[in-house]
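Here the protein sequences come in this chain order: Z and Y.
Here the first sequence is numbered in this note's numbering, starting from 32 and rising by one per residue.
Here the second sequence is numbered in this note's numbering, starting from 13 and rising by one per residue.
Notes follow the structure.
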Amino acid sequence: MIELVCPAGNFPALKEAVNNGANAVYIGFKDDTNARHFAGLNFNEKNLPKAIDYAHQRGTKVFVAINTYPQPAGWQRWQKAVDLAADLAVDALIMADIGVLDYAAQQHPDLSRHLSVQGSATSYESLRYYQKTFGIKRAVLPRVLSVAQVAQLAQQSPVELEVFGFGSLCIMAEGRCHLSSYVTGESPNTCGACSPAKSVRWEKTAQGLESRLNNVLIDRYQEDENAGYPTLCKGRFNIGKNTFHVLEEPTSLNTIELLPELDKIGIKAIKIEGRQRSPAYTQQVTQVWRQAIDHYYANPTQYTPQTQWSEVLAKVSEGSQTTLGAYSRPWQ
Amino acid sequence: MQLSLGPLLYFWSFDDIQSFYHSMIEQPLDIIYLGETVCSKRRSLNFEQWLALAQELKQLSPETDIVLSTLSLIEAESELKTLRRYCNNGEFRVEANDMAAVNLLVEQGIPFSTGPTINIYNAQTLSILHKQGLQRWVMPVELSAQTLKEILQDLDALGLSGKIATEVFSYGHMPLALSARCFTARAHNLPKDQCDLKCLDYPDGLQVKSQEDQSLFTLNGIQTLSGLRNDLLHEIPDMQSIGVDIVRLSPRRQQMPEIINAYARRINGINDNSPLYTRDENCNGYWYGEPGMIQNP
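Written out as structure tokens, the structure reads:
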């Protein structure tokens, strides 16, 4: 059965994931060793053991994301994160950096290693490198491949594959996007942050509500428009005289209708994005996906996504809309 | 310190590419990178034609290091097929821009270099790749001088001093992101599969500005480049003292000889006070550990 991997930014969210049917939760430490390095989020040495116990007692696995790219000044912090997670007997480490992968493989050879989506491996040749060099067991695929391309990759993949099923949509190949550092100085690779909250400013002006990132105007909203978080790739910009969402509209990925296809392809796990979201988000999304997966396996040939699932998911989506993203060729 | 010409990032016609490189081979460049690194639909030159161009340039200037640079985002089997031909060309060094290329080169024991889209952020990573055949790397564009200095110090501590050449992307629109989506096609309301090769109309990319007319990005098909051009001409003495081996300039349609010559003179210690090319749309923030778009005087 396809595994459901859910996000937990704190202990209450982890409980919601566990209690609503996640097969695994993924978490990170309270520092820049993970790609959701946000204020007030994540786990420390004190509450992590309790969280792991809570999950393990209920049969849920715990994966720890140590998936940013250490620079020399921080190298020991990444080593420490790997050692701490290993000491607490988590079920897998999710990593991207070649140096960190090597360290984990050398020091903790028995602990499962997953290649993070930030590792940006989009082909079986790339996966072979990580499998042969670091013995990775699983890889999370970047959201750049169509379903046909995922299928082709899966046929020759040397490792288990995990794909994104739902959540905020990165439209760039993960791990290879510097838009955020170009404007704010901080990026997912270097700091575990994209369009960081400390660079955001909102201002009501005569021309509308303006969102800015390090003073750069990202969008300007009229009275009747819903304002969204000013992620760089979802801003409204100008090309010539046209003002539009040049890269992407505020929208979330939702692949619930692709579940049968992903299963047939041989995908091992579906990942839900959103460690930065509330426990209520984790609860709602985990519940819907658990229902969908159970519904599918109960009668694979009769699977139809239910309207109420889409309604729940749309409510927690960016811009209240969802897309199949790169899985669907026309989106590209 | 050497001067290199990075791979052409934009989509130009066959004739434009040929005449550009025939003029470049006369310039004071030590290394020239050739090949399609952005989009597999761009076929002004196919692999054989890039290889033929490489051979021709090598004949015209035997002392120039000609390198074949590979596609940065691999999505399809057909792209892997072309990638194998680049890696197995048997004649020219290969710059890997994706880990698939690294894998193919490592498997065959072929020494290689890596471009700026390979994520190398520390000396540990360099050391592992060096054992597998890495001889030269281009630092990711978002890293600072301070970080590079520390990486190179760590490399020394690992006993790898002088074993790996360091190259810095020093001039041009910086490659910031890659996507499955073609943004140039999107700007024309076209799907990627029927893009009409619109990129041909934008030989220096398509400018994106904020609603306040601030330069933000440059669209180049599936690639997003910086809106401003990185320019580290004045930072060459810094680079020399840190231990940078190669300064990379990224091709643009106009003024390339002026830019190359300004850099070549600066490398040789000639400090022209009046720059011979425009610097009004440039930036250098990353080098100083700041947002990339910042321009320090």
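In this text, a Cβ means the ideal position worked out from N, Cα and C, and glycines have one as well.
Residues that residue i contacts on chain Z, provided the C-beta gap is smaller than 8 Å
i	result
Phe195(Y)	Val277, Leu278
Thr129(Y)	Arg207
Ala88(Y)	Gln180, Gln183
Residue i to residue j span [Cα, whole Å]
i	j	result
Arg232(Z)	Arg251(Z)	12 Å
Lys175(Y)	Leu15(Y)	19 Å
Ile58(Z)	Tyr22(Y)	40 Å
Cys264(Z)	Ile202(Z)	8 Å
Ala86(Z)	Thr332(Z)	32 Å
Arg159(Z)	Asp28(Y)	38 Å
Glu302(Y)	Ser226(Z)	14 Å
Gln136(Y)	Gly130(Z)	5 Å
Pro38(Z)	Asn73(Z)	11 Å
Gly166(Z)	Arg144(Z)	7 Å
Glu34(Z)	Leu72(Y)	59 Å
Phe26(Y)	Phe69(Z)	48 Å
Ser182(Y)	Asn101(Y)	28 Å
Leu195(Z)	Leu63(Y)	The sequence shown places Phe at residue 195(Z), rather than the Leu named in the question. Near 39 Å, if we compare the C-alpha coordinates of Leu63(Y) and Phe195(Z).
Arg260(Y)	Leu65(Y)	20 Å
Asn283(Y)	Ser253(Y)	16 Å
Arg96(Y)	Phe59(Y)	11 Å
Gln183(Z)	Gln39(Y)	44 Å
His139(Z)	Asn54(Z)	23 Å
Pro261(Z)	Ser35(Y)	44 Å
Where the alpha helix (DSSP H) through residue i begins and ends
i	result
Ser341(Z)	338-346
Thr221(Z)	219-222
Phe94(Z)	Not the alpha helix (DSSP H): Phe94(Z) falls in the beta strand (DSSP E), residues 92-97.
Lys81(Z)	79-88
Phe229(Y)	Element bounds for Phe229(Y): not the alpha helix (DSSP H) but the beta strand (DSSP E), 227-232.
Ile279(Y)	268-279
Amino acids of chain Z, ordered along the chain, whose beta-carbon sits closer than 9 Å to that of residue i
i	result
Gly304(Y)	His209, Ser212, Tyr213, Val214, Gly216
Asn232(Y)	The contacting residues do not exist; Asn232(Y) stays about 13 Å from chain Z at best.
CB contact below 8 Å: residue i versus chain Y
i	result
Asn65(Z)	no
Tyr100(Z)	yes
Gly130(Z)	yes
Ser359(Z)	no
Val113(Z)	no
Arg251(Z)	yes
Trp362(Z)	yes
Asn50(Z)	no
Trp106(Z)	yes
Tyr260(Z)	no
Leu176(Z)	yes
Asp84(Z)	no
Asn257(Z)	no
Asn18(Z)	Because chain Z spans 32 through 363 in this model, residue 18(Z) falls outside it and cannot be assessed.
Proximal chain Y residues relative to residue i, where beta-carbon distance stays under 9 Å
i	result
Phe268(Z)	Val220, Lys221, Ser222, Gln223, Leu228, Phe229
Thr274(Z)	Gln223
Proximal chain Y residues relative to residue i, where beta-carbon distance stays under 7 Å
i	result
Ala204(Z)	Leu85, Leu190, Ser191
Thr221(Z)	Glu154
Arg159(Z)	Asn115
Asp133(Z)	Gln136, Ile140
Chain Y residues whose Cβ lies nearer than 8 Å to that of residue i
i	result
Pro103(Z)	Asn134, Ala135, Thr159, Glu162, Ile163, Gln165, Asp166
Leu248(Z)	Ser222, Gln223, Glu224, Gln226
Where the beta strand (DSSP E) through residue i begins and ends
i	result
Asp208(Y)	Unbroken run through Asp208(Y): none, as it is neither H nor E.
Ser35(Y)	Careful: Ser35(Y) lies outside any beta strand (DSSP E), inside the alpha helix (DSSP H) at 26-36.
Leu95(Y)	That residue, Leu95(Y), is in no beta strand (DSSP E); its alpha helix (DSSP H) goes 89-99.
Val220(Y)	218-221
Pro38(Z)	34-38
Tyr45(Y)	43-46
Neighbouring residues, chain Z, relative to residue i (Cβ below 7 Å)
i	result
Leu92(Y)	Ser154, Glu156
Ser16(Y)	The contacting residues do not exist; Ser16(Y) stays about 21 Å from chain Z at best.
Ala112(Y)	Ser154, Glu156, Ser157
Ala169(Y)	The premise fails here: Ala169(Y) is roughly 10 Å from chain Z at the closest Cβ pair, so nothing lies under 7 Å.
Neighbour flag for residue i against chain Z, beta carbons, 8 Å
i	result
Thr82(Y)	no
Ile140(Y)	yes
Leu116(Y)	yes
Thr236(Y)	yes
Ile203(Y)	Sequence check: residue 203(Y) is Pro here, not Ile. So yes, Pro203(Y) belongs to the interface.
Asn308(Y)	no
Thr126(Y)	no
Ala108(Y)	no
Ala177(Y)	no
Ala199(Y)	yes
Let me know the alpha helix (DSSP H) ranges lying completely inside the region 140-198 of chain Y, each 4 residues or longer, listed in chain order. 157-169
Let me know the alpha helix (DSSP H) ranges lying completely inside the region 113-201 of chain Z, each 4 residues or longer, listed in chain order. 129-138, 155-165, 178-187
Any chance you could list the beta strand (DSSP E) runs of at least 3 consecutive residues sitting entirely within the region 234-306 of chain Z, in chain order? 239-244, 247-252, 268-270, 273-275, 283-285, 300-303
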